[in-house]
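Chemist: If you read the sequence shown in this note's numbering, its first letter stands for residue 3, the second for the next number, and so on.
The beta carbon of each residue, even a glycine, is placed where N, CA and C say it ideally should be.
Please read all numbers here as calculations on a predicted model, not as lab measurements.
Take a look at the following structure, please.
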Amino acid sequence: MKHGDFTELAKYYVDRPGYSLELLKILKNHIIREQGREEVIVADVGAGTGKLTENLEEIGIGGYAVEPNDAMREEGMKLFKGKDSFEWSKGTAESTGLPDNSVDWVLMGSSFHWTDAPKAVEEFRRILKPGGFFTAIWNPRDIQRSELHMEIEDMIYREVPGLKRVSSGNTMTTEKMTDILRKKFGTPVFMECWYDEVMSTERYINIWRSVNDIQVQAGEEGFRRIIENIQNRLEGYREIPVPYKARAWTAQVCK
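Take a look at the structure:
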């Protein structure tokens, strides 16, 4: 398995959590006020299996879902089968395949850290309408709120002492995002909120099975031990509360 290759992991993505609807509603209302029109057309870029796409549909938004990985995109298209709220297509953040000035809002859910950021920012500037917005959002676990999840995290780092996480969910700052968006977008606005999701232990284990960067660094045997250790720690649990936080940076395009 390679960094950023989710082909073998797509089947587990159904178990991943969605994003905060409250946060997305606030952003939607802000964009509507700023643009002065009720209809907002979005591009969910790096849409994966449609986790964020589904949340956007829930708050009454439609548009485009762009995903480079065939297996991931197929799962997303299954989720949206029979619906016309989103048009699914193959593309990347650096080359979405969407027309110039075609969307009001570009979002990337837990995927902006995989991009060639300067090229992606230029592409988003191209496809956004004048005054459009870009949001990079992540939903990392908020493990500091739970001794159990801190313990599980320690187990993983004991197995892979030099583990380096790829996701920017917890490490991104407004200063970093401002530097990335420089000259193409205005200063980003940061929003964060906390939420919990209660899930079966099977679902929780499957979420770990969907994680790319740990599997790459742990290797097949190391990752097998990680999963076994987590399963052993959760023996006797039927459900487990998992703490999350949504972290989002939103900026308006400069045109």
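Measure the alpha-carbon distance for Met201 versus Arg35 and round it to whole angstroms.
Modeler: When rounded, the distance between both Cα atoms is 36 Å.
Chemist: In whole angstroms, give me the CA-to-CA distance for Phe126 and Asp17.
Modeler: Whole-angstrom Cα-Cα distance: 29 Å.
Chemist: Tell me the DSSP secondary structure of Ser22 in three-state form.
Modeler: DSSP places Ser22 in coil when its eight states are reduced to three.
Chemist: Spell out the partners DSSP gives Thr137 in its beta bridges.
Modeler: Its beta-bridge partners are Leu109, Thr252.
Chemist: From Gly50, His115, Leu109, pick the residue whose C-alpha is nearest to that of Asn172; which is it?
Modeler: Answer by Cα proximity: His115.
Chemist: Alpha carbon to alpha carbon, how far is Leu109 from Glu24? Give it in angstroms, no decimals.
Modeler: Cα-Cα distance, rounded: 16 Å.
Chemist: Taking only three categories from DSSP, how would you classify Glu194?
Modeler: Looking at Glu194 - three-state DSSP - the assignment turns out to be strand.
Chemist: Put Ala220 into one of helix, strand or coil per three-state DSSP.
Modeler: Of the three classes helix, strand and coil, the one that applies to Ala220 here is helix, per DSSP.
Chemist: DSSP puts Trp90 in a beta bridge; with which residues?
Modeler: Trp90 pairs with Ala67.
Chemist: Tell me whether Asp181 is buried or exposed, calling it buried when 16 or more other Cβ atoms sit within 10 Å of its Cβ.
Modeler: By the 10 Å Cβ count, Asp181 comes out exposed.
Chemist: By how many angstroms is the C-alpha of Thr203 removed from the C-alpha of Tyr239?
Modeler: Near 7 Å, if we compare the C-alpha coordinates of Thr203 and Tyr239.
Chemist: If Ala45 and Val105 are in contact, beta carbons under 8 Å, what's the gap, nearest whole angstrom?
Modeler: Ala45 to Val105, Cβ: 5 Å. Contact.
Chemist: Can you give the Cα-Cα distance for Pro245 and Ile154, rounded to whole angstroms?
Modeler: Cα-Cα distance, rounded: 13 Å.
Chemist: Would you list the residues sitting across from Arg143 in a DSSP beta bridge?
Modeler: Answer is Tyr246, bridged to Arg143.
Chemist: Using the rule of at least 16 other Cβ atoms within 10 Å of the residue's Cβ for burial, across every protein chain shown, is Trp196 buried or exposed?
Modeler: Trp196 should be labelled exposed.
Chemist: Which two residues bound the contiguous alpha helix (DSSP H) that contains Ile182?
Modeler: Note, Ile182: alpha helix (DSSP H), 176-183.
Chemist: Could you name the residues of the same chain whose beta carbon sits closer than 8 Å to that of Gly99, not counting the 5 residues immediately before and after it, in chain order?
Modeler: Around Gly99: Val68, Ser91, Lys92, Gly93.
Chemist: For the beta strand (DSSP E) holding Ala12, just list the boundary residues, first then last.
Modeler: Here Ala12 belongs to no beta strand (DSSP E), and DSSP marks it neither H nor E.
Chemist: Taking DSSP as the reference, what is the three-state secondary structure of Leu81?
Modeler: Of the three classes helix, strand and coil, the one that applies to Leu81 here is helix, per DSSP.
Chemist: Could you tell me the alpha carbon to alpha carbon distance between Thr51 and Lys247, rounded to whole angstroms?
Modeler: Near 20 Å, if we compare the C-alpha coordinates of Lys247 and Thr51.
Chemist: Spatial neighbours of Ala95 within its chain, please: C-beta separation below 7 Å, excluding the five flanking residues on both sides.
Modeler: Within the same chain, Ala95 has close Cβ partners Val47, Gly48, Met110, Thr117, Ala122, Glu125.
Chemist: Apply the 10 Å Cβ neighbour rule to Gly221 and answer buried if 16 or more other Cβ atoms are within range, or exposed otherwise.
Modeler: By the 10 Å Cβ count, Gly221 comes out exposed.
Chemist: Identify whether Glu199 lies in helix, strand or coil by the three-state DSSP scheme.
Modeler: Glu199: strand per DSSP, three-state reduction.
Chemist: Apart from the five residues just before and just after Glu77, which ones in its own chain have a Cβ nearer than 6 Å to its Cβ?
Modeler: Result list for Glu77: Ala12, Thr51, in chain order.
Chemist: Compute the Euclidean distance between the alpha carbons of Val42 and Glu230, then round it to the nearest angstrom.
Modeler: Cα-Cα distance, rounded: 45 Å.
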